[in-house]
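By the count of our numbering, the sequence shown reaches residue 385 at its end, each step adding exactly one. No residue lacks a Cβ here, since even glycine has one placed at the ideal position from N, Cα and C.
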Amino acid sequence: MFPTEAPDDQAFRMQVREWLHRNKPELPMPSTETADGVPVHLEWERKLHEGRWAAVSWPDQYGGRDASLWQWLIFEEEYYRAGLPQRVAQNGIFLLAPTLLELGTEDQKERYLQRMAAVNDLWCQGWSEPEAGSDLASLRSRAVRDEEAGGWRLYGQKCWTTRGVYCSHMFGIFRTGTPEERHRGLTYFLIDLKQPEITVRPVARLDGDDGFADVFFDGAFVADADVLGGVGQGWRVAMATAGSERSLSLRSPGRFIASADRLIDQYRSGGAEIRDDQRLRQAVADSWMAARAYKLATDGTVSQLTSGGNLSAEASMSKVYWSELDVALHETALMLRGADAEIDEEWMRGYQFALSGPIYAGTNEIQKNIIAERLLGLPRP
Ligand SMILES: Cc1cc2nc3c(=O)[nH]c(=O)nc-3n(C[C@H](O)[C@H](O)[C@H](O)COP(=O)(O)OP(=O)(O)OC[C@H]3O[C@@H](n4cnc5c(N)ncnc54)[C@H](O)[C@@H]3O)c2cc1C
């Protein structure tokens with residue numbers, strides 16, 4: 005069925021498929037960003053963890069399966085092929101964990117990875133501030149040394165914190181140096197949000213979800229043991245996390261291939277008015293090819309990584325591609341739905357979220373600047 009896959013990988017695929025088939029929750033599930041949705045997703049992800057499917061590529065000792073990156077891609081393909089939803093634990097498992105595994109201390113890995121996979125802890129990302137988005141190095145939230153307590157006191161505000169309302173922990177960047185030092189004066193902290201010196205305020209969204217938060221710090225404590233990657237090293241550590249966010253870790257091809265396959269099904273099962281529309285036919289074919297192209301490009305990335313290479317500015321190309329692909333797939337779906345698109349809860353909500361793809365994880369304009377300067381060697385504007 006997958007002639008180019010190694011026998012071990014084919015067996016792995018069948019094992020994943022069978023387990024998901026037997027254990028799949030009732031679908032569709034409510035949003036991961038609502039009070040109703042979070043407990044339902046937690047229950048499902050706990051089950052994934054119990055089956056040791058929560059983070060297949062992690063080492064066995066932290067609840068993974070020591071699976072290869074290729075097998076992780078296979079898992080993702082099967083996961084989305086089964087119609088399963090994005091993960092409530094995604095910011096921990098897909099953004100923080102690769103950085104923890106690479107740069108964390110043994111103690112940090114021991115304390116956090118298992119609990120993250122078991123969704124005992126839910127992590128959010130605390131980077132953006134009201135006056136520091138694209139220009140992240142200008143952030144002002146600060147960490148002040150508390151020698152006596154053996155750690156740091158945090159002050160300031162983070163914003164746009166996805167699922168911040170429901171999270172127990174945050175990986176955040178704070179200024180430990182002077183503002184003039186910009187990216188050299190930052191430190192990356194692992195923060196317990198359940199402290200009286202932290203206020204989490206929900207931010208209402210147009211789509212009705214309430215998972216966004218503003219997070220205020222007024223002397224919250226973080227111990228030295230929870231500095232990730234060293235004091236003053238925050239930018240380097242954050243860029244490792246951004247690499248995961250922009251490249252294969254957060255948005256694997258499986259998600260887009262599943263959407264493109266659904267478009268093909270919708271097109272095939274549509275009436276004559278759909279099948280006779282050349283524009284629709286073309287859009288569906290383009291979507292399918294674009295999703296396959298993303299898979300091939302990702303395969304190239306994995307080959308590069310598994311043969312000892314690393315990713316740098318290439319992650320920006322990946323981010324621009326998947327975010328534009330997601331919009332195009334949803335636009336095609338809405339075209340196929342015609343006048344019913346307005347009331348198609350699933351694709352319409354998906355479309356609204358897809359529109360934010362070119363903004364989060366670093367805007368596409370910024371990614372294009374990175375591509376221009378670092379990959380193409382063009383002069384700075
Ligand atoms: C759905 C969603 C989820 C998010 N989740 C999180 C989260 O969990 N944690 C977190 O920390 N943040 C989160 N963010 C925030 C996100 O990282 C920022 O919105 C993003 O970095 C842009 O910053 P900004 O909104 O301040 O826009 P600005 O930086 O003010 O940019 C405004 C516009 O100007 C453009 N621009 C700015 N500088 C340049 C330049 N030098 N060259 C060309 N164009 C430029 C930008 O591309 C953009 O179009 C989220 C955002 C969204 C939409």
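Span of the alpha helix (DSSP H), counted from its first residue to its last, around residue i
i: residue 330; result: 318-341
i: residue 53; result: 41-54
i: residue 25; result: 11-27
i: residue 66; result: Neither: residue 66 is in no alpha helix (DSSP H) and is coded neither H nor E.
i: residue 287; result: 282-310
i: residue 74; result: 73-85
i: residue 314; result: No alpha helix (DSSP H) holds residue 314; DSSP gives it neither H nor E.
i: residue 117; result: 110-121
i: residue 375; result: Where residue 375 is concerned, there is no enclosing alpha helix (DSSP H), given that its DSSP letter is neither H nor E.
i: residue 31; result: Looking at the DSSP string, residue 31 is not in any alpha helix (DSSP H), and its letter there is neither H nor E.
i: residue 103; result: 101-107
i: residue 279; result: 276-279
Three-way DSSP call (helix, strand, coil) for residue i in this model
i: residue 193; result: strand
i: residue 199; result: coil
i: residue 5; result: Confidence in residue 5 is poor, its pLDDT being 47 and thus under 50, which makes the residue's placement unreliable; the coordinate value appears in the next sentence. Looking at residue 5 - three-state DSSP - the assignment turns out to be coil, as it is neither helix nor strand.
i: residue 213; result: coil
i: residue 385; result: coil
i: residue 146; result: strand
i: residue 206; result: strand
i: residue 159; result: strand
i: residue 165; result: strand
i: residue 96; result: helix
i: residue 230; result: helix
i: residue 241; result: helix
i: residue 154; result: coil
i: residue 133; result: strand
i: residue 348; result: coil
i: residue 265; result: helix
i: residue 223; result: strand
Residue i, buried or exposed, once every other Cβ within 10 Å from all chains shown has been counted against 16
i: residue 245; result: buried
i: residue 381; result: exposed
i: residue 266; result: buried
i: residue 238; result: buried
i: residue 168; result: buried
i: residue 146; result: buried
i: residue 212; result: exposed
i: residue 347; result: exposed
i: residue 280; result: exposed
i: residue 174; result: buried
i: residue 250; result: buried
i: residue 5; result: The pLDDT assigned to residue 5 is 47, lower than 50, so where the model puts this residue is not dependable; a value taken from the coordinates is nonetheless given after this. Exposed is the call here.
i: residue 314; result: exposed
i: residue 140; result: buried
i: residue 25; result: exposed
Host beta strand (DSSP E) of residue i (start-end)
i: residue 178; result: 173-179
i: residue 129; result: 127-130
Integer Cβ distance of residue i from residue j, believed to fall under 8 Å
i: residue 202; j: residue 224; result: 5 Å
i: residue 291; j: residue 264; result: 5 Å
i: residue 121; j: residue 71; result: Between residue 71 and residue 121 the Cβ distance is about 13 Å, and since that is not below 8 Å, they are no contact.
i: residue 329; j: residue 298; result: 6 Å
i: residue 67; j: residue 117; result: 7 Å
i: residue 361; j: residue 316; result: Not confirmed; about 21 Å, so no contact.
i: residue 191; j: residue 180; result: 4 Å
i: residue 350; j: residue 32; result: 6 Å
i: residue 127; j: residue 155; result: In fact, because the Cβ distance is near 19 Å, the residues do not count as touching under 8 Å.
i: residue 170; j: residue 215; result: 6 Å
i: residue 204; j: residue 194; result: Not really, about 17 Å apart at Cβ, beyond 8 Å.
Any chain D beta carbon closer than 8 Å to residue i
i: residue 271; result: No chain D appears in this structure, which consists of one protein chain only.
Heavy atom of ligand 3 within 7 Å of residue i beta-carbon
i: residue 369; result: In terms of ligand content, the structure shown lacks ligand 3 and carries ligand 1 instead.
Does the region 72-90 come within contact of the region 256-273, defined as at least 3 CB pairs closer than 8 Å?
By the Cβ test, the region 72-90 is in contact with the region 256-273, since at least three Cβ pairs between them sit closer than 8 Å.
Pairing CB atoms from the region 220-232 with CB atoms from the region 155-162, are three or more of them under 8 Å?
They touch, by the three-pair rule.
Is it a yes or a no for the region 93-111 touching the region 226-237, going by three-plus beta-carbon pairs under 8 Å?
Contact between the region 93-111 and the region 226-237 is present: three or more C-beta pairs spanning the two stretches fall below 8 Å.
Taking contact to mean 3 or more Cβ pairs, one atom from each stretch, closer than 8 Å, check whether the region 117-135 and the region 36-53 are in contact.
Segment contact: the region 117-135 against the region 36-53, three or more CB-CB distances shorter than 8 Å; contact assigned.
Does the structure place the region 84-99 close enough to the region 267-274 that three or more beta carbon pairs sit under 8 Å?
By the C-beta criterion, the region 267-274 is judged not to be in contact with the region 84-99, since fewer than 3 inter-stretch pairs fall below 8 Å.
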